[in-house]
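Below you'll find the structure, written out as structure tokens, and then a few comments.
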Amino acid sequence: MLHTSGWRRIQDSVHHVDKQQDRLIAAAREREAMHLCSKEVVKNWPNTIASALQMTEVLKERERDQTELKKRKETEAEEADKEILAMISQNKELALQQQGQKAVERKQKCLAVAETLKQQ
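Numbering-wise, our numbering puts 34 at position 12 of the sequence shown, and it's gapless, one number per residue.
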């Protein structure tokens, strides 16, 4: 049979191990939480190597977008120029046809006038 003091000593030694283990686990969790918090803070720092690499990627992407936009604008301008040239050539052809038709009409009028003069 154990005395109360002996029982307490045994219980304390058993619980002491559990408490020590709990303290170690709590300390590990606290270190992990601090590590994650530090990672989160550092992630947004502008003067880190990772931030510089990220900025480089962003700048490259912007440059690609600008180049693509410039090429698209040039292509659209070329297409617009082609359409304008097509309209101009179509208008020239139409004007030439109209001039040819007017020339034929004038010639017919002249021939008709000459015919009437011959008959008189």
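We put the CB at the ideal spot given by N, CA and C, even for glycine.
Test item: CB-CB of T70 and V64 under 8 angstroms
yes
State the DSSP-derived secondary structure class of Q141, mapped to helix, strand or coil.
helix
Rounded straight-line distance, which links the Cα of Q120 to that of A99
31 angstroms
Report back the beta-carbon spacing between W67 and S73 to the nearest angstrom; my notes put them in contact at under 8 angstroms.
6 angstroms
Taking only runs that begin and end inside the segment 31-95, name each unbroken beta strand (DSSP E) of 3 or more residues, in chain order.
none
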